[in-house]
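So the structure is just underneath, and the comments pick up after that.
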């Protein structure tokens with residue numbers, strides 16, 4: 001980085017268009033850090049951002065929010081971190097002093113979804129270098145026993161999937177249904193399992209995802225191609241339904257299915273980004289004419305340093321193996337474009353691609 | 001009761017028709033009690049049951065679920081209660097051993113809304129005598145310092161209204177909006193106040209209700225006749241919105257208003273019986289595209305003895321005055337028909353009517 | 001049972017003395033069931049009861065509270081169960097309508113520890129037949145895919161051990177210390193793991209228990225013979241301490257160790273029966289001079305049908321293997337005496353003994 | 001402040017000695033603010049600090065942690081605040097990005113009790129000017145409708161007293177005992193009342209405090225001079241005991257009383273600073289031999305901007321009147337010494353003294 005004032009990154013040029021651009025390297029405020037990527041992963045939401053215009057039009061905004069990196073600069077007030085440190089970068093990097101953070105909702109710091117800054121309010125991580133706000137509070141040191149490519153699954157996939165299970169308020173021995181088993185949904189299956197679920201129905205159809213779901217703790221696969229999933233679930237539970245539902249796929253109509261398959265006195269947790277539709281429809285009758293205690297939750301994943309550290313400890317202790325999510329591997333920053341196109345084109349065997357970037361001074365930088 | 005085998009009651013004869021009928025006095029199982037009414041109150045849901053057919057057609061089903069009474073018979077296994085005891089009868093009388101009760105949802109014992117038995121699964125309380133299941137667990141002794149007509153407000157109005165505030169998860173100093181200030185909504189205002197709310201917006205229009213809302217702790221009245229309530233709330237809060245919303249009136253469209261007026265990281269609690277409409281619409285965008293942590297709760301009030309005792313203590317200690325709800329008073333069982341018709345016709349000055357029934361042996365029965 | 005009016009059981013004759021006695025078969029009330037044992041296990045607390053007089057003197061009280069059995073009689077109001085059904089019998093059988101149960105504490109129904117009835121307030125399960133109160137609410141059907149001897153671990157060991165983890169309020173990725181790894185402590189290790197703990201320190205010394213602890217999810221073994229456990233834990237965590245502690249062994253002095261090894265803003269959950277000592281000492285300074293938010297919890301396990309069903313589902317789905325706890329196996333009711341003496345004498349290789357009882361009509365009784 | 005480089009303050013010179021000193025005005029970092037006092041109040045813990053040496057020896061440390069003030073300087077990154085703003089200064093000013101803050105315990109940011117900085121880790125507020133860390137996150141704007149002297153009660157008294165009620169997990173209609181009714185205990189009474197308590201026993205003896213306790217929601221006064229308070233409470237509750245206890249006075253032995261007077265399945269919340277004694281004794285037997293679910297909590301009050309804003313709204317809406325706490329009023333910074341000596345000498349009519357400081361440019365500073 002010495003002497004450089006610009007950086008190269010893969011950007012959204014406008015709706016439907018991507019390309020490599022050269023930009024000024026960001027300022028590093030007193031609490032901030034500049035980081036270069038060691039591992040990157042594209043996310044379905046990157047494709048939504050570009051090709052569906054889900055967050056509106058953006059021009060020359062660098063993409064990406066899943067990264068493990070190495071610190072190249074720290075601000076004057078940063079205490080815990082120094083140049084050369086390898087860090088897990090969460091997709092969500094809150095402002096920790098804000099009103100919402102003090103109330104327990106850091107992901108909404110400064111306004112709804114305000115903790116989601118990368119490739120939303122500022123440039124993302126698909127770049128030679130990227131900026132992290134409140135570095136001490138938002139960056140977790142990468143444990144030596146975790147590979148960058150495994151750790152990059154923590155940035156968004158693990159924390160988002162597990163948050164679905166947290167939102168669904170899963171208790172020991174609960175029967176759970178996870179709707180959608182892409183990479184986030186698979187992590188919801190794993191999260192439900194880590195929170196003590198007994199029977200776990202995983203709703204999906206792609207063979208590879210179904211196989212991996214079983215490895216992560218699912219006990220039953222429900223294929224929507226075999227008929228209405230509500231009927232399948234009710235049949236499999238003697239008409240009782242499930243205790244909890246995690247929604248990690250589908251669309252605005254998925255909530256109705258969840259409400260219909262769940263018992264009274266229960267929780268539905270959504271972590272699916274709902275890109276289309278005016279309304280989510282909650283069926284009045286099955287929602288107990290307003291009085292069925294079928295609690296409906298939906299939330300952006302928590303971010304920040306401590307969440308990353310906690311989840312990383314599940315990998316370090318061998319209790320969670322994120323490498324099962326990785327189906328495609330690339331080397332070199334420029335390959336992030338290929339990885340992103342894979343996410344757009346979704347071949348049948350894809351769960352998640354990862355790009356690893358190496359540096360000559362990776363182990364000597366300081 | 002000596003020697004009598006039948007009883008008179010005000011019944012739903014069919015949809016749209018009421019009348020007095022004579023029925024066999026119910027059996028009293030080993031855990032049960034038979035009770036005669038000391039105070040009765042009709043509820044809006046009684047009118048929904050009869051004139052809207054909200055729970056389907058019923059023939060010769062005695063109406064009513066709000067009562068204070070006196071025990072005339074107890075089953076062989078009843079330990080806490082004896083003939084002559086004056087008791088508060090909750091509208092919801094759960095089966096306490098059921099799976100849902102063990103999970104913390106007694107109001108859904110035996111199935112969704114299963115704890116609501118009076119004038120739903122069995123005859124109600126507008127009768128010379130009525131049956132109570134699991135008497136020890138469901139009947140609270142009437143404290144000597146509370147009048148039957150004040151206590152009958154506990155059966156449904158207080159516990160339902162307060163449950164709305166409980167569902168909305170109100171914390172110290174929260175800014176709250178209560179939508180709907182009929183008798184239940186007024187108790188949601190009081191409940192929000194008892195749970196520590198600071199500013200409380202009460203949404204209503206009838207002058208008498210608005211005046212009483214201010215006495216129960218509301219700080220601002222929002223009249224929907226003055227324009228969109230969401231806009232009024234946002235304006236009054238400098239665009240921030242409220243921390244919590246209690247829905248105690250309106251219809252399936254009210255939820256959209258609640259979602260629009262509330263901050264991210266918040267709770268909406270509904271206790272309004274939703275009588276019509278296929279779906280409740282949750283606006284996708286304002287619900288944070290699925291990720292705004294605007295938790296949506298809706299539930300039937302808890303019932304049972306302990307809830308009645310806890311709420312009664314608020315009256316005994318002078319912290320809650322339910323008499324403010326009572327706008328019309330009647331004497332004699334036969335007047336419950338007039339009281340019910342008042343609820344149907346809703347004159348402008350009505351909040352809640354009460355019927356008091358006296359017996360010569362009220363103080364000597366044993 | 002036909003025609004028999006008495007039954008044989010292994011009883012506490014007085015403090016320090018056990019023996020087989022003949023007693024009248026108990027009455028079966030309308031909500032109750034009579035059950036014959038299919039699998040029994042003695043518990044350390046049985047030995048405390050007899051040889052330490054922990055609950056005071058008792059004469060001719062049949063011992064035992066861990067059983068899987070088969071129903072031989074049901075009361076007239078029992079709906080879910082019939083003669084011949086094989087059932088898991090929880091050690092704790094609450095009265096579900098009591099005040100404490102309605103407040104969420106069924107284990108204390110009717111008074112502190114009041115849900116613990118077997119070999120405490122009434123005869124226990126080491127008998128030809130035993131009585132179960134509120135059978136519908138307290139007995140869980142034994143799933144066909146679980147062996148009685150594996151299921152009997154649910155009655156007390158699993159539910160108690162897991163409750164320790166519940167009381168310690170374990171969250172995803174927490175670092176946890178479990179003090180004591182007898183059978184309950186091993187289940188606290190498993191419980192912590194099922195609730196999402198990352199690193200788990202297990203404090204013990206017996207090799208077999210330590211080996212099994214690692215299989216149940218422990219990541220580090222702390223042997224108190226190697227020095228002060230607080231120092232060992234602090235050293236292993238770079239002075240930070242652990243997030244949560246479960247106490248499943250030790251004595252009244254163990255709490256001081258827990259307080260010293262835990263971070264501020266944390267929870268300590270105890271499920272150890274404290275048999276001796278006037279006081280539990282909480283060190284003032286390390287407890288933050290009263291302000292450290294080191295929450296201290298201790299509680300009797302929940303019992304009842306639903307808890308058994310939820311935990312059984314962990315066995316049915318292959319997520320929990322209770323057979324690892326069973327080190328000694330016996331056949332025949334009379335062998336429960338040998339099993340009990342094993343618990344008293346505690347050989348080094350003992351975790352838990354089980355007694356299996358067979359009947360000619362086990363599969364045809366109805 | 002213009003041109004001044006030093007400031008005058010009332011300091012602890014050493015254990016047992018106070019005096020006015022002149023010190024360099026603190027640096028103002030980019031996130032910080034410098035504030036001059038508008039209202040100050042001494043706290044019992046100031047007297048503990050000086051005359052009991054409770055936090056160890058300190059030399060020339062300016063005292064005080066309760067203040068309302070006016071901003072005289074802000075750091076370059078401060079966004080919400082500007083010179084001239086009148087602000088409520090919480091006694092606890094956390095570092096919001098720290099690990100403990102992210103876990104929900106900001107008062108322990110950086111280590112146990114680490115959020116308590118004033119007159120502990122740095123100079124306090126009894127000074128011409130004082131330093132506030134993370135000003136945007138820690139300072140609340142003083143609402144125009146609240147007087148500085150009423151608002152200064154929020155800094156510690158209200159938030160600490162109410163936190164006791166929060167820690168005791170008070171629910172609607174609970175019977176509560178508050179032990180100790182100095183200014184913090186009175187606010188615990190008010191807090192219990194704001195959280196929905198029914199019957200509230202206040203344990204105290206000074207007449208003025210007892211009178212005020214009744215005004216804040218206490219229903220029964222228990223005077224320890226009339227006999228054992230446990231016996232008095234059990235007698236008054238027909239032997240049942242209370243649902244919750246808040247400890248706001250007494251010493252390490254008070255916990256045993258709390259455990260003895262409380263039901264199983266309950267919570268004890270402590271906010272009393274425990275200055276002496278090696279251990280807090282929890283009586284083994286009454287604590288249910290470790291299994292009574294009598295949860296024990298003790299914690300430093302939360303601080304920060306949002307907590308101040310929430311509690312201030314209770315004053316703005318007329319729901320909390322803190323002026324009842326103020327028994328002695330002074331004018332001028334130098335009078336803080338007289339106020340502090342009052343707290344040391346505790347005359348019978350004292351609850352809380354307040355010092356008001358006026359400036360010529362109070363309304364024109366900007």
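Protein chains in written order, with full-length UniProt numbering: chain A, 1 to 366; chain B, 1 to 366; chain C, 1 to 366; chain D, 1 to 366.
By construction, the Cβ of each residue, glycine as well, lies at the ideal position given by its N, Cα and C atoms.
For this session: Please check the pair residue 33 (chain C) and residue 78 (chain C), which I expect to be a contact at CB under 8 Å, by giving their CB distance rounded to whole angstroms.
Result: Taking the first residue of the third chain as 1, we reach residue 33 (chain C) at position 33. Taking the first residue of the third chain as 1, we reach residue 78 (chain C) at position 78. Indeed they touch by this definition, with Cβ atoms about 6 Å apart.
Exercise. Residue 34 (chain C) CB to nearest chain A CB: under 9 Å?
Worked result: As a working note, residue 34 (chain C) is residue 34 in the third chain. Not closer than 9 Å to any Cβ of chain A, the Cβ of residue 34 (chain C) fails to qualify, so no.
Exercise. When you compare only the Cα positions, how much space is there between residue 156 (chain C) and residue 130 (chain C)?
Worked result: Taking the first residue of the third chain as 1, we reach residue 156 (chain C) at position 156. Taking the first residue of the third chain as 1, we reach residue 130 (chain C) at position 130. Looking at the two C-alpha atoms, the distance is approximately 17 Å.
Exercise. Counting pairs of Cβ atoms below 8 Å between the segment 275 to 283 of chain D and the segment 32 to 47 of chain C, do you hit three or more?
Worked result: Flag = no, the segment 275 to 283 of chain D and the segment 32 to 47 of chain C do not touch.
Problem set entry | One or two residues paired with residue 270 (chain A) in a DSSP bridge | In the first chain, the residue the question calls residue 270 (chain A) occupies position 270. In the DSSP output, where bridge partners are listed per residue, residue 270 (chain A) has A:247 and A:298.
For this session: Using a Cβ-Cβ cut-off of less than 9 Å, give me the residues of the segment 281 to 312 of chain D that come near chain C, in sequence order.
Result: Cβ contacts with chain C come from 281, 282, 283, 284, 285, 286, 287, 288, 289, 290, 291, 292, 293, 294, 295, 296, 297, 298, 299, 300 and 301.
Exercise. Can you tell which of A:215, A:266 and A:86 has its C-alpha closest to the C-alpha of residue 362 (chain A)?
Worked result: Mapped onto the first chain, residue 362 (chain A) falls at position 362. A:86 is the residue among A:215, A:266 and A:86 whose C-alpha sits nearest the C-alpha of residue 362 (chain A).
Exercise. Which one or two residues does DSSP pair with residue 127 (chain C) in a beta bridge?
Worked result: Locating residue 127 (chain C) in the third chain gives position 127, counting from the first residue. Beta-bridge pairing links residue 127 (chain C) to C:9.
Problem set entry | Counted within 10 angstroms of its Cβ, other Cβ atoms place residue 405 (chain A) as buried (16 or more) or exposed | With chain A running from 1 to 366 in the structure shown, residue 405 (chain A) is simply not present.
Exercise. Among residues of its own chain, excluding the 5 on either side of residue 95 (chain D), which ones have a beta-carbon nearer than 6 Å to its beta-carbon?
Worked result: In the fourth chain, counting from the first residue as 1, residue 95 (chain D) sits at position 95. Result list for residue 95 (chain D): 109 and 110, in chain order.
Exercise. Got a sec: does the ligand MG put a non-hydrogen atom nearer than 8 Å to the Cβ of residue 50 (chain B)?
Worked result: The ligand MG is not among the ligands present in this structure, which contains no ligands whatsoever.
Exercise. Beta-carbon of residue 316 (chain A) versus every beta-carbon of chain C: anything under 9 Å?
Worked result: Position 316 of the first chain, counted from the first residue, corresponds to residue 316 (chain A). Interface criterion met: the Cβ of residue 316 (chain A) is under 9 Å from a Cβ in chain C.
Exercise. Name the DSSP beta bridge partners of residue 281 (chain B), please?
Worked result: For the purposes of this step, residue 281 (chain B) is identified with residue 281 of the second chain, where counting begins at 1. According to DSSP, residue 281 (chain B) bridges with A:281.
Problem set entry | Every unbroken alpha helix (DSSP H) inside the segment 98 to 164 of chain D [4 residues or more] | Taking 4 residues as the minimum length, the alpha helix (DSSP H) runs contained wholly in the segment 98 to 164 of chain D are 99 to 102, 135 to 138 and 148 to 151, in order along the chain.
Problem set entry | Nearest-angstrom Cα separation, counted from residue 315 (chain A) out to residue 146 (chain A) | Position 146 of the first chain holds residue 146 (chain A). Position 315 of the first chain holds residue 315 (chain A). Spanning the two alpha carbons is a distance of roughly 7 Å.
Exercise. With residue 137 (chain B) and residue 170 (chain B) assumed to form a contact (beta carbons below 8 Å), what rounded beta-carbon distance in angstroms separates them?
Worked result: If you number the second chain from 1, residue 137 (chain B) lands on position 137. If you number the second chain from 1, residue 170 (chain B) lands on position 170. About 28 Å separates the Cβ atoms of residue 137 (chain B) and residue 170 (chain B), ruling out a contact at the 8 Å cut-off.
Exercise. Using 9 Å as the limit for Cβ to Cβ distance, is residue 155 (chain A) near chain E?
Worked result: Absent from the structure is chain E; the protein chains it does hold are A, B, C and D.
Problem set entry | Short Cβ contact (9 Å threshold) for residue 133 (chain B) with residue 31 (chain B) | Your numbering for residue 133 (chain B) matches position 133 in the second chain. Your numbering for residue 31 (chain B) matches position 31 in the second chain. In contact: residue 133 (chain B) and residue 31 (chain B) (Cβ atoms closer than 9 Å).
Exercise. Quick one, which residues of the UniProt domain "Alcohol dehydrogenase-like C-terminal" (183 to 283) of chain D are near chain B if we go by CB-CB under 7 Å, in chain order?
Worked result: Under the 7 Å Cβ criterion, the UniProt domain "Alcohol dehydrogenase-like C-terminal" (183 to 283) of chain D contributes 194, 195, 196, 198, 199 and 219.
Exercise. In or out: residue 305 (chain A) buried (at least 16 other Cβ within 10 Å) or exposed?
Worked result: Against the first chain, residue 305 (chain A) aligns to sequence position 305. Burial state of residue 305 (chain A) is buried, judged by a 10 Å Cβ sphere holding 16 or more other Cβ atoms.
Exercise. So residue 307 (chain C) is in the alpha helix (DSSP H); what residue range does that whole segment cover?
Worked result: Taking the third chain and counting its residues from 1, one reaches residue 307 (chain C) at position 307. From DSSP, the alpha helix (DSSP H) with residue 307 (chain C) extends over 305 to 316.
For this session: Could you please tell me which residues of the segment 88 to 119 of chain B, in chain order, have their CB closer than 8 Å to any CB of chain A?
Result: If the cut-off is 8 Å between Cβ atoms, the segment 88 to 119 of chain B has 100, 103, 104, 105, 107, 108, 111, 112 and 113 near chain A.
For this session: Using alpha carbons as the reference points, say which of A:274, A:311, A:268 and A:117 lies closest to residue 295 (chain B).
Result: Mapped onto the second chain, residue 295 (chain B) falls at position 295. For the residues A:274, A:311, A:268 and A:117, the minimum Cα distance to residue 295 (chain B) belongs to A:268.
Problem set entry | Contact the segment 163 to 181 of chain D vs the segment 63 to 80 of chain D: 3+ CB pairs below 8 Å | Not touching, per the Cβ criterion.
Exercise. By a C-beta neighbour count over all protein chains shown, 10 Å radius and 16 as the cutoff for buried, is residue 215 (chain D) buried or exposed?
Worked result: As a working note, residue 215 (chain D) is residue 215 in the fourth chain. It is exposed - the Cβ of residue 215 (chain D) has fewer than 16 other Cβ atoms within 10 Å.
For this session: Using a threshold of 9 Å, state whether the C-beta atoms of residue 9 (chain A) and residue 124 (chain A) are closer than that.
Result: Your numbering for residue 9 (chain A) matches position 9 in the first chain. Your numbering for residue 124 (chain A) matches position 124 in the first chain. Yes. Within cutoff.
Problem set entry | Beta-carbon proximity check, residue 212 (chain A) vs residue 351 (chain A), cutoff 9 Å | Looking up residue 212 (chain A) in the first chain gives position 212. Looking up residue 351 (chain A) in the first chain gives position 351. Residue 351 (chain A) sits close to residue 212 (chain A), with the two beta carbons spaced by under 9 Å.
Exercise. Using a C-beta cutoff of 9 Å, does residue 134 (chain D) count as contacting chain A?
Worked result: As a working note, residue 134 (chain D) is residue 134 in the fourth chain. Interface residue, yes.
Exercise. Less than 9 Å separating the beta-carbons of residue 92 (chain A) and residue 159 (chain A)?
Worked result: Sequence index remark: in the first chain, residue 92 (chain A) carries index 92 (1-based). Sequence index remark: in the first chain, residue 159 (chain A) carries index 159 (1-based). In this structure, residue 159 (chain A) lies closer than 9 Å to residue 92 (chain A) by Cβ.
Exercise. Counting contacts by CB-CB distance shorter than 9 Å, is residue 138 (chain B) in contact with chain C?
Worked result: As a working note, residue 138 (chain B) is residue 138 in the second chain. So, interface residue.
Exercise. Taking the alpha-carbon positions, what's the residue 290 (chain A) to residue 347 (chain D) distance?
Worked result: Numbered from 1 along the first chain, position 290 holds the residue referred to as residue 290 (chain A). Numbered from 1 along the fourth chain, position 347 holds the residue referred to as residue 347 (chain D). Looking at the two C-alpha atoms, the distance is approximately 57 Å.
Exercise. Near residue 72 (chain B), which residues of its chain fall below 7 Å by C-beta distance, leaving aside the five closest residues on each side in sequence?
Worked result: If you number the second chain from 1, residue 72 (chain B) lands on position 72. The answer, listed in chain order, is 1, 34, 35, 36, 83 and 129.
Exercise. For residue 208 (chain B), which beta-bridge partners are listed by DSSP?
Worked result: Taking the first residue of the second chain as position 1, residue 208 (chain B) is located at position 208. For residue 208 (chain B), which the question treats as bridged, DSSP gives no partner whatsoever.
Exercise. Taking C-beta to C-beta, are residue 179 (chain A) and residue 257 (chain A) nearer than 9 Å?
Worked result: In the first chain, the residue the question calls residue 179 (chain A) occupies position 179. In the first chain, the residue the question calls residue 257 (chain A) occupies position 257. Contact: yes.
For this session: Report the option in B:68, B:198 and B:183 whose CA atom is closest to the CA atom of residue 144 (chain B).
Result: Residue numbering aside, residue 144 (chain B) sits at position 144 when the second chain is read from its first letter. Considering only alpha carbons, the answer is B:68.
Exercise. Which bits of chain C does residue 174 (chain A) rub up against, with CB to CB less than 8 Å?
Worked result: Looking up residue 174 (chain A) in the first chain gives position 174. Going along chain C in sequence order, the residues near residue 174 (chain A) (Cβ under 8 Å) are 310.
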